[in-house]
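K.L.:
Questions regarding the structure given below will be posed in turn.
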Amino acid sequence: MPKYARVMVDDSGGNAFDYELPEPVAASLSVGSRVRVPVRTRTAIGTIIEISETTEASGVKLITEVVSAEPILSPLLIRLGAWIADYYCCPIEAAMKTILPQVIRKAAVGHKTQLFARLAQPLAADDFAALKKRAPIQAGIVEHLIAAAKPVAISELLEKCDATHQAVQSLAKKNVLVIESQKIERDPFQEETFLHAAALELNAEQTTLFEKVRAAIDAAPGGHRAVDAESPEPDPTSTARCFPRPLLLHGVTGSGKTEIYLQAIQLVLARDQSAIMLVPEISLTPQTVERFKSRFAATQHEVAVLHSHLSEGERHDEWHKIRDGRARIVIGARSAIFAPCTRLGLIVVDEEHENSYKQEETPRYHARDIAVVRAKMEGCAILLGSATPSLESYQNAVAGKYELLKLTMRVDDKKMPFIRVVDMRMEPAKKSAILSEKLIASMKDRLAKKEQTILFLNRRGFSTSLICSACGYVCQCPNCSVALTFHRAQSRIVCHICGHIAVAPTKCPECKDRSIRYSGTGTEKVEDAVGKLFPGAVVKRMDADAMTRKDAFRETLGAFKTGKIDILVGTQMIAKGLHFPNVTLVGIINADLALHLPDFRAGERTFQLLTQVAGRAGRGDVEGEVFVQSFTPFHPAIQFARHHDFEGFWEEEVEHRRAFDYPPFTHLVLIALRSPHQQRGEFSAQTLARRLKETLPPDTTLSDPAPAPLEKSHGNYRFHLMLRTRSIVRLSRALRAVLDKLPFPEDVIVTVDVDAYQLL
Ligand code: ADP
Ligand code: ZN
1242 MPKYARVMVD
1252 DSGGNAFDYE
1262 LPEPVAASLS
1272 VGSRVRVPVR
1282 TRTAIGTIIE
1292 ISETTEASGV
1302 KLITEVVSAE
1312 PILSPLLIRL
1322 GAWIADYYCC
1332 PIEAAMKTIL
1342 PQVIRKAAVG
1352 HKTQLFARLA
1362 QPLAADDFAA
1372 LKKRAPIQAG
1382 IVEHLIAAAK
1392 PVAISELLEK
1402 CDATHQAVQS
1412 LAKKNVLVIE
1422 SQKIERDPFQ
1432 EETFLHAAAL
1442 ELNAEQTTLF
1452 EKVRAAIDAA
1462 PGGHRAVDAE
1472 SPEPDPTSTA
1482 RCFPRPLLLH
1492 GVTGSGKTEI
1502 YLQAIQLVLA
1512 RDQSAIMLVP
1522 EISLTPQTVE
1532 RFKSRFAATQ
1542 HEVAVLHSHL
1552 SEGERHDEWH
1562 KIRDGRARIV
1572 IGARSAIFAP
1582 CTRLGLIVVD
1592 EEHENSYKQE
1602 ETPRYHARDI
1612 AVVRAKMEGC
1622 AILLGSATPS
1632 LESYQNAVAG
1642 KYELLKLTMR
1652 VDDKKMPFIR
1662 VVDMRMEPAK
1672 KSAILSEKLI
1682 ASMKDRLAKK
1692 EQTILFLNRR
1702 GFSTSLICSA
1712 CGYVCQCPNC
1722 SVALTFHRAQ
1732 SRIVCHICGH
1742 IAVAPTKCPE
1752 CKDRSIRYSG
1762 TGTEKVEDAV
1772 GKLFPGAVVK
1782 RMDADAMTRK
1792 DAFRETLGAF
1802 KTGKIDILVG
1812 TQMIAKGLHF
1822 PNVTLVGIIN
1832 ADLALHLPDF
1842 RAGERTFQLL
1852 TQVAGRAGRG
1862 DVEGEVFVQS
1872 FTPFHPAIQF
1882 ARHHDFEGFW
1892 EEEVEHRRAF
1902 DYPPFTHLVL
1912 IALRSPHQQR
1922 GEFSAQTLAR
1932 RLKETLPPDT
1942 TLSDPAPAPL
1952 EKSHGNYRFH
1962 LMLRTRSIVR
1972 LSRALRAVLD
1982 KLPFPEDVIV
1992 TVDVDAYQLL
């Protein structure tokens, strides 16, 4: 008989404690039940996240009350939480906190209720006539209610009938009308109507592919009930026994992948099941949402949208809509993978290669990998899609763990854009040439034809460094080991790591000389240069600085779509997922930016980014053209992107990874230590490395502790230890054991990142 429960207490920052189960109710409680427990001098409500027969805690108290035995989360999601803790080497409380959103945990936000009025009974004609004479406003209210033929919100009544509360109350007193409260749902899209958009007829390539998706959905055992409790393989990449196999859809930009997702979801709905569609936060644009809402417009309430800008109330209502089975399609960013869907039939992960699926705080999970694990637990189909699959996923397909599906052509035989690489070393040595002559000529041409241009540069600000030409002083952030960026609009210098901000100096802070030189190019400078080159053109900038107002993003996209903007300059905000048929020219200002970072994925990231940005061109009837400006034009990442050759890039890149034992052939774990005291941080890193060497499984490769590439950030000195292994769960558990025992100084913070993506 289980005797103890670990209870995660609401509103305690995810803390969990052990409690004894009261004998009479022990059998009725399970993981997910809500209970009241004593915490220090008060009591609080919490969720049971584990039940066991033993506890290591002492002085364990008794659960005082059962709030609801019915689990708030399905056992499957709770098992997923346990899996995350085990795999990502983090406390179970941290994992559960992620799965059960804060607004659901803390009871402060509830359903919203509103007062409604309805007629108590039909009013006799005489009575109505009398009322009209004595109290015309009250009569107006009655008339309005008769016309509406359903309960009307009091607020609406007051407004429409120009009435006061007294009028309504007096009618209520006379038993003419009844006031009642109703639960209403907050709907972030309440103001909008979506016209139904019918499914498109698939082309030949899509049809063949869709049949395979259908087969996977049909073959999935799940949906009706969760598959038995046999614990899943702990490694998401090892899914050899998973049935059906995950599908990896590699389709070039504009090949109609999204249409496949839409129809696959339709299929799942017809089977009375639900679906989760993950998209990167950045592509959760009005455009994407609209496409989904319109396709399922007949059942509009069925689409729940989850993203980071929802209010707490909206998030609360969407969550309940999903859990109650009223919203059977969930579209959302990373954390939507934990949506409490019932009878899940399909999970789609669009742009599966996107780094934003990786959460960069504890628990440091990767939503695509969680999606594969969840699909396996649910026994449902899973479809990963991308124009540039991650090496991890593609390796799984090559190894036969995933089934590879391909779309090789753009819809309607639209051509892939023509990509030209411009060797910036050959440009005439004009001072600070930002745009090459060829790109300028081509922009001129598009302006004349009334076609649109996108210029891409993944760096905000005006100048990216300030150097004194007299003494060589560089303006650096006092808290971080990076140069400060000059933002001309505010005439401030800003740190892009910690946000430190200062007035831009007019003379060198060190030698007081006036010859401060601004160099390096950000989007602000590009916008400025383009404005000077093309005074007649409408130029807009889209980056985090220009888009601070809530609706700016939507407005700018709208203006661009309707042709009110000729040239759009932007950061990665404009790189993904946007579909503008009139864009025929894309200029990539500096393709080398991410290429020479000390990160083994630098080439892969550059290839993906170039392909995605280039994919914004030529989506309409006119063929698109792309200029890629680079100082290393013969780098393989640039050359393969130029030829739209994913396979070529893959073959070259994967050999490097194999030779140096990097992912996808191993799992990489990054242990980061940070401290305001450089020596204490360094010493702790060395101590940890020594301990790990003694205890880790023999197949682990451990690098020597070293200062991180970004040595200092937010005033903390940073040190890295990198581990690689083929058996990640064994390593995670071993790590946990070492870290739990090793005492670190209080001001040294240690974090563990399993399958790390952020190596700087
Ligand atoms: P991807 O997701 O691969 O970039 P989309 O699904 O967005 O591609 O398709 C690109 C464009 O082609 C969209 O405007 C879409 O409506 C259209 N499209 C997709 N499939 C078809 C089809 N079978 N027939 C006609 N148009 C299609
Ligand atoms: Zn800083």
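Note that this note's numbering has the sequence shown beginning at 1242, numbered continuously upward. Just so you know, even glycine gets a beta-carbon here, dropped at the ideal spot from N, CA and C. All values reported here derive from a predicted model rather than from experimental measurement.
1) Classify THR1812: buried if its beta carbon has 16 or more other beta carbons within 10 angstroms, exposed otherwise.
2) Have a look at VAL1970, GLU1306 and THR1282 and flag the residue whose alpha-carbon is nearest the alpha-carbon of VAL1248.
3) Do you know how far the Cα of ALA1438 is from the Cα of TYR1598?
4) Are the Cβ atoms of THR1966 and ASP1988 separated by less than 8 Å?
5) Quick one: does the C-beta of GLN1528 sit closer than 7 Å to a heavy atom of the ligand ADP?
6) Can you check whether the CB of VAL1544 is closer than 8 Å to the CB of PHE1537?
7) Looking only at its own chain, which residues have a Cβ that is under 7 Å from the Cβ of ALA1457, when we skip the five neighbours before and after it?
8) Would you say the beta carbon of ASP1653 is closer than 7 Å to some non-hydrogen atom of the ligand ADP?
9) Between ALA1949 and LEU2001, is the Cβ-Cβ spacing less than 8 Å?
10) Which same chain residues end up closer than 7 Å to LYS1244 when comparing Cβ atoms and leaving out the 5 residues on each side of it in sequence?
11) Among MET1963, THR1762, TYR1635 and ARG1729, which one has its Cα closest to the Cα of ASP1840?
12) Hey, is the stretch 1854 to 1869 in contact with the stretch 1888 to 1902, meaning 3+ C-beta pairs nearer than 8 Å?
13) Using only the heavy atoms of the ligand ADP, determine whether one of them is closer than 7 Å to the beta carbon of GLY1287.
14) Leaving out five residues before and five after ALA1816 in sequence, what residues of the same chain have Cβ atoms less than 7 Å from its Cβ?
15) Going by DSSP, what residue range makes up the alpha helix (DSSP H) through ASP1327?
16) Which partner residues does THR1709 have in the DSSP bridge list?
17) Closest to ASN1596 by C-alpha separation, out of ARG1575, ALA1616, PRO1332 and ASP1367, would be which residue?
18) Which one of SER1549, GLU1291 and ASP1610 has the shortest CA to CA distance from SER1908?
19) Identify every run of the alpha helix (DSSP H) within the stretch 1839 to 1908, keeping only runs that are complete inside it and at least 4 residues long; order them along the chain.
20) What first and last residue would you give for the beta strand (DSSP E) that runs through SER1968?
21) Please confirm if the stretch 1714 to 1732 is in contact with the stretch 1756 to 1765, defined as three or more CB-CB distances below 8 Å between the two stretches.
22) Does the stretch 1824 to 1839 touch the stretch 1575 to 1593, meaning 3 or more C-beta pairs lie closer than 8 Å?
23) Anyone know if the C-beta pair for ILE1290 and ILE1319 falls short of 8 Å?
24) Around the ligand ZN, what residues have a beta-carbon under 5 Å from a heavy atom of it, in chain order?
25) If we count Cβ pairs, one from each stretch, closer than 8 Å, do we get three or more for the stretch 1274 to 1289 versus the stretch 1324 to 1333?
26) Which same chain residues, not among the five before or five after GLU1334, have their C-beta less than 8 Å away from its C-beta?
27) Give a single yes or no on whether GLU1987 has its beta carbon closer than 7 Å to a heavy atom of the ligand ADP.
28) Where do the ends of the alpha helix (DSSP H) carrying ASP1191 lie?
29) Return the chain-ordered list of same chain residues with a C-beta closer than 8 Å to the C-beta of LEU1680, the five sequence neighbours on each side being excluded.
30) Would you say the beta carbon of PRO1820 is closer than 7 Å to some non-hydrogen atom of the ligand ADP?
31) Would you say the beta carbon of LEU1441 comes nearer than 7 Å to a heavy atom of the ligand ADP?
32) Using a threshold of 7 Å, is the CB atom of THR1941 nearer than that to any non-hydrogen atom of the ligand ADP?
33) I'd like the list of long-range same chain contacts for GLY1492, defined as Cβ closer than 6 Å, with 5 residues on each side in sequence excluded.
34) Output needed for GLU1402: all residues of its chain with C-beta closer than 6 Å, excluding positions within five of it in sequence on either side, in chain order.
35) Relative to the C-alpha of GLU1896, which residue among GLU1845, HIS1820 and ALA1670 is closest?
36) So VAL1571 and LEU1587 are in contact, right, with Cβ under 8 Å, and what is the actual spacing, rounded?
P.N.:
Well, looking at it:
1) Here residue 1812 refers to the residue found at position 571 of the sequence shown. Classification of THR1812: buried, given that the 10 Å Cβ count is 16 or more.
2) Along the sequence shown, one-based indexing puts residue 1248 at 7. Ranking the options by Cα distance to VAL1248, first place goes to GLU1306.
3) Counted from its first residue, the sequence shown places residue 1598 at position 357. Counted from its first residue, the sequence shown places residue 1438 at position 197. For TYR1598 and ALA1438, the distance between alpha carbons rounds to 29 Å.
4) Translated into the one-based positions of the sequence shown, residue 1966 becomes position 725. Translated into the one-based positions of the sequence shown, residue 1988 becomes position 747. No, these two residues do not count as a Cβ contact at 8 Å.
5) Sequence index remark: in the sequence shown, residue 1528 carries index 287 (1-based). Result no, Cβ not under 7 Å from the ligand ADP.
6) Start at 1 with the first residue of the sequence shown, and residue 1537 comes out as number 296. Start at 1 with the first residue of the sequence shown, and residue 1544 comes out as number 303. Result yes, Cβ atoms of PHE1537 and VAL1544 sit closer than 8 Å.
7) As a working note, residue 1457 is residue 216 in the sequence shown. So the qualifying residues of the chain are PRO1485, LEU1488 and ALA1622.
8) What you label residue 1653 is simply residue 412 of the sequence shown in a count that begins at 1. Yes, since a heavy atom of the ligand ADP falls inside the 7 Å radius drawn around the Cβ of ASP1653.
9) Mapped onto the sequence shown, residue 1949 falls at position 708. Mapped onto the sequence shown, residue 2001 falls at position 760. Yes, Cβ-Cβ distance for ALA1949 and LEU2001 is below 8 Å.
10) If you number the sequence shown from 1, residue 1244 lands on position 3. These residues qualify, in order along the chain: GLU1261, LEU1262 and GLU1294.
11) Position 599 of the sequence shown, counted from the start, is the residue given in the question as residue 1840. Among MET1963, THR1762, TYR1635 and ARG1729, the Cα nearest to that of ASP1840 is on MET1963.
12) no
13) Counting from one through the sequence shown, the residue named residue 1287 turns up at place 46. No, the Cβ of GLY1287 stays beyond 7 Å of every heavy atom of the ligand ADP.
14) Here residue 1816 refers to the residue found at position 575 of the sequence shown. Setting aside the 5 residues that flank it on each side, ALA1816 is surrounded in the same chain by PHE1697, LEU1850, GLN1853 and VAL1854, each with a C-beta closer than 7 Å to its C-beta; the list follows chain order.
15) Position 86 of the sequence shown, counted from the first residue, corresponds to residue 1327. 1316 to 1328 is the span of the alpha helix (DSSP H), which, as asked, contains ASP1327.
16) Indexing the sequence shown from 1 puts residue 1709 at position 468. Reading off the sequence shown, one finds Cys at residue 1709, where the question assumed Thr. Its beta-bridge partners are ILE1757.
17) For the purposes of this step, residue 1596 is taken as the residue at position 355 of the sequence shown. Checking every option, the nearest Cα to that of ASN1596 belongs to ARG1575.
18) As a position in the sequence shown, residue 1908 is number 667, starting the count at 1. Checking the sequence, you will find His at residue 1908 rather than Ser. Comparing Cα-Cα distances from HIS1908 to each of SER1549, GLU1291 and ASP1610, the minimum goes to ASP1610.
19) 1843 to 1855, 1877 to 1883 and 1887 to 1900
20) Residue numbering aside, residue 1968 sits at position 727 when the sequence shown is read from its first letter. Note, SER1968: premise wrong, no beta strand (DSSP E); not H, not E.
21) Touching, per the Cβ criterion.
22) no
23) Translated into positions along the sequence shown, residue 1290 becomes position 49. Translated into positions along the sequence shown, residue 1319 becomes position 78. Taking 8 Å as the Cβ cut-off, ILE1290 and ILE1319 qualify as a contacting pair.
24) Listed by chain position, these are CYS1718, ASN1720, CYS1721, CYS1736, ILE1738, CYS1739 and HIS1741.
25) no
26) Here the question's residue 1334 lines up with position 93 in the sequence shown. Cβ neighbours of GLU1334 beyond the five flanking positions: MET1249, GLY1255, ASN1256, ALA1257 and ILE1290.
27) Here residue 1987 refers to the residue found at position 746 of the sequence shown. No, Cβ of GLU1987 sits at least 7 Å from all heavy atoms of the ligand ADP.
28) Summary: the structure shown does not reach residue 1191, with the chain confined to residues 1242 through 2001, and so no result is reported for it.
29) For the purposes of this step, residue 1680 is taken as the residue at position 439 of the sequence shown. A distance below 8 Å between beta-carbons, with the five flanking residues on each side excluded, links LEU1680 to the following residues of its chain, in chain order: VAL1663, GLY1828, PHE1868 and GLN1870.
30) Within the sequence shown, the letter at position 579 stands for residue 1820. Checking the sequence shown, residue 1820 turns out to be His, not Pro. Taking 7 Å as the cut-off, the C-beta of HIS1820 counts as close to a heavy atom of the ligand ADP.
31) Position 200 of the sequence shown, counted from the start, is the residue given in the question as residue 1441. LEU1441: yes, Cβ under 7 Å from the ligand ADP.
32) Working through the sequence shown from its first residue, we reach residue 1941 at position 700. Checking the Cβ of THR1941 against the ligand ADP gives no.
33) Within the sequence shown, residue 1492 is the residue found at index 251, counting from 1. If we look at GLY1492 and ignore the five residues flanking it on each side, its Cβ neighbours are LYS1498 and LEU1648.
34) Walking along the sequence shown from the start, residue 1402 turns up at place 161. In the sequence under discussion, the amino acid at residue 1402 is Cys, which differs from the Glu named in the question. Answer for CYS1402: GLY1381, ILE1382 and HIS1385, listed in chain order.
35) Counting from 1 along the sequence shown, the entry for residue 1896 is found at position 655. If we check each option's Cα against that of GLU1896, GLU1845 comes out closest.
36) In the sequence shown, residue 1571 corresponds to position 330, counting from 1. In the sequence shown, residue 1587 corresponds to position 346, counting from 1. Contact flag wrong, Cβ pair sits at about 11 Å.
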